[in-house]
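S.K.: Sharing a structure here in structure tokens format.
Here it is in structure tokens:
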């Protein structure tokens, strides 16, 4: 509630006549004025009864009023704005967030810049930019994100625009456990330089724990762009400037806060990677049968009280804990007791706790092998890092590297060798509409064998073997804007063998809840019908109520000749082409990136050629057009 304020006229920089005129203005007019006028506007519209109600009988001390302000015109010299473009090539959204933060930081320094996804930016316009700032993620095996394919092809090809006189800076985001670490960013940086642009600062390649380094990079970029702007042309302009006129104190005023603006509500908690929600396990059940070559569990997790929401196609992040036996073996090989304490990211903890919860010990990266090889002076480890990393990393872990050349390490040495543990992302296998306050996962136990024994994936082993009903796990949702059901009622084709069925269970639940009336077609595959038909009963129910129009399955080892989902695509090529070309169906692929996804894409191209009478280049262009219009989306790993 507002109170009327009596300003001593002697304290005001206005004459009595003008003051009298101002008092006739409406409140909405007075709000355009500064300082004193704002206070007067607050007083408008209140009755004497309201004022009396707010009077305080006890003596009131003098209260300071805000300094009076006035807006005046002033000539200032300002630099001519540089033509600056911030671009991002993002798959999961991380690069977009960094680019948005960079764009905001530039604006806060008064530096004008445009922001765009490379999907919405024509490469030819690069030549018009004085400064090009790129944040790029790498997808799959060194591939650009789906929405960056065309842009990547142009700037690396013969039609790349000339960038003489431009300056650029590239930030690459990637995962060092993959062989082609940050390849897309490296490609863009090289392409810009070859086109004639000069590096504003050296490219930086960041791993999964990129946040702090990305913030530091943003500061350096803003500083460099500021320096460029200050060296350029200037122009004298008139600006409206808010200046302080005088300080005024008013006796007898009581500050009353409007109830509608009282800050007594608890801010909404936002759960994310850095602030995960402590969720409870509702159920954890194996869904492959006895004798199956796969160990797959269906896991249900409560989100009650979190306020977390998600959409079909999104992913759930899990913060895993490393296997205790592996931790103890690493300590033994490094000749550590596990009780050694040290500071890590501002907190003190034992090396055992850090190895269990904070450090990556299952996914290898070249940097770790190279650094450890230098410590132990081992030639075979150097060879692995330089020539055989991908093959070695597929079924070996930190413990196996230490096994090759064991040596005594200090706790600090071991910590400095290892990367921070990263959350594992799982495609959500439920619809929030169908399962309120819950999220479901379909998790396959990742296991490999080498000369030292079995090696398990950190998160899959943690989820399947460590968590039981009522146990807790740290989770967060990560939106996947590149894997979403269509907004319209077009048909959908879903290709998801193995645990790749997870998001399609979510899709089908959502379609059932929304009573979608367009057709849907699912291709599912696994080794055996009897032991590996995941969600069989549910899929049959979806068929019965027409949520699912068609179901084609491929159980690869139930007959002499192996049959996979791509074989089922080939058998249905004619109808598949009709769904895609005539009916405008959207295609979704989820599952293994290195084999299945490539084979499926090859089969789709073959279908386009044979059924659509296209040549190889036309088929590739057709597939590109499907990607650009979000009619071909992949969630591969």
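Numbering (my numbering), first residue to last: 77 to 713.
Note that the Cβ used here is the ideal one computed from N, Cα and C, for glycine as well.
(1) Measuring straight from C-alpha to C-alpha, what distance separates residue 388 and residue 484?
(2) Look up residue 277 in the DSSP assignment and say whether it is helix, strand or coil.
(3) Taking only three categories from DSSP, how would you classify residue 384?
(4) Taking Cβ to Cβ, would you say residue 182 is nearer than 8 Å to residue 298?
(5) With DSSP as the reference, label residue 559 as helix, strand or coil.
(6) If we call anything under 8 Å between Cβ atoms a contact, is residue 724 one with residue 161?
(7) Please tell me whether residue 177 and residue 294 are closer than 8 Å, where the distance is taken between their beta carbons.
(8) Using 8 Å as the cut-off, can you tell me whether the segment 425–439 makes contact with the segment 388–398, which would need three or more C-beta pairs spanning the two stretches below that distance?
(9) Should the segment 531–546 be called in touch with the segment 564–581, which here means at least 3 C-beta pairs below 8 Å?
(10) Just to confirm, are residue 478 and residue 379 a CB contact at a threshold of 8 Å?
(11) Using DSSP with H/G/I as helix, E/B as strand and the rest coil, what is residue 282?
(12) Under 7 Å Cβ to Cβ from residue 714, same chain only, skipping five residues before and after it: list those, please.
(13) If you drop the 5 nearest sequence neighbours on each side, which residues of the same chain put their C-beta closer than 8 Å to that of residue 358?
(14) Do the CB positions of residue 523 and residue 530 come within less than 8 Å of each other?
(15) Here's a check: name, in chain order, each residue in its chain whose Cβ is nearer than 7 Å to the Cβ of residue 133, leaving out the five neighbours to either side.
(16) Does DSSP put residue 453 in a helix, a strand or coil?
(17) Express the C-alpha separation of residue 255 and residue 521 in angstroms, rounding to a whole number.
(18) Using the rule of at least 16 other Cβ atoms within 10 Å of the residue's Cβ for burial, across every protein chain shown, is residue 599 buried or exposed?
(19) Name the two residues that bound the continuous beta strand (DSSP E) containing residue 354.
(20) In angstroms with no decimal places, state the Cα-to-Cα distance between residue 470 and residue 464.
(21) Find out if the Cβ-Cβ distance for the pair residue 499, residue 422 is shorter than 8 Å.
(22) Based on Cα-Cα distance, which residue from 163, 218, 674 lies nearest to residue 466?
(23) Can at least three beta-carbon pairs, one atom from the segment 639–658 and one from the segment 611–620, be found at a separation below 8 Å?
(24) Taking only the alpha-carbon atoms, compute the straight-line gap between residue 589 and residue 666 and give it to the nearest angstrom.
(25) From what residue to what residue does the alpha helix (DSSP H) around residue 495 run?
(26) Skipping 5 residues on each side, what residues in its chain have a beta carbon closer than 7 Å to that of residue 441?
(27) For the beta strand (DSSP E) containing residue 395, list its first residue and its last residue.
(28) What is the C-beta distance between residue 405 and residue 475, in whole angstroms, given that I count them as a contact (C-beta under 8 Å)?
(29) With the cut-off set at 8 Å, would you say residue 226 and residue 700 are in Cβ contact?
(30) Can you give the beta carbon distance from residue 447 to residue 490, rounded, assuming they're within the 8 Å contact cut?
(31) What is the C-beta distance between residue 640 and residue 669, in whole angstroms, given that I count them as a contact (C-beta under 8 Å)?
(32) CA-CA distance, residue 705 and residue 228?
(33) Within the segment 415–493, note down every full beta strand (DSSP E) run reaching 3 residues or more, in order along the chain.
(34) Taking all protein chains shown into account, do 16 or more other C-beta atoms lie within 10 angstroms of the C-beta of residue 327, making it buried, or fewer, making it exposed?
(35) Rounded C-beta distance between residue 209 and residue 245? I'm assuming under 8 Å.
(36) For the beta strand (DSSP E) that contains residue 701, what are its first and last residues?
M.R.: If we stick to the structure as given:
(1) 49 Å
(2) Here residue 277 carries a coil assignment [DSSP, helix/strand/coil].
(3) coil
(4) yes
(5) coil
(6) As displayed, the chain neither begins before 77 nor continues past 713, which places residue 724 out of reach and without an answer.
(7) yes
(8) yes
(9) no
(10) no
(11) strand
(12) With the chain covering only 77 through 713, there is no way to say anything about residue 714.
(13) 376, 377, 378, 514, 545
(14) With respect to residue 530, residue 523 sits close: the two C-beta atoms are nearer than 8 Å.
(15) Because the pLDDT of residue 133 is 43, which lies under 50, any placement of that residue in the model is unreliable, and the number read from its coordinates should be weighed accordingly. Excluding positions up to five away in sequence, the list is empty.
(16) coil
(17) 23 Å
(18) buried
(19) 353–362
(20) Rounded to whole angstroms, residue 470 and residue 464 show a C-alpha spacing of 10 Å.
(21) The answer is no: Cβ separation not under 8 Å.
(22) 218
(23) Contact between the segment 639–658 and the segment 611–620 is absent, with fewer than three C-beta pairs closer than 8 Å.
(24) 22 Å
(25) Residue 495 -> no alpha helix (DSSP H), and no H or E assigned at all.
(26) 252, 253, 495
(27) 391–395
(28) 5 Å
(29) yes
(30) Rounded, the Cβ-Cβ distance is 11 Å, inconsistent with contact.
(31) Between residue 669 and residue 640 the Cβ distance is about 15 Å, and since that is not below 8 Å, they are no contact.
(32) 17 Å
(33) 417–420, 423–426
(34) Residue placement at residue 327 is flagged as unreliable, the pLDDT there being 38, under the threshold of 50; a coordinate-derived value is accordingly withheld.
(35) 5 Å
(36) Note, residue 701: premise wrong, no beta strand (DSSP E); alpha helix (DSSP H) at 692–704.
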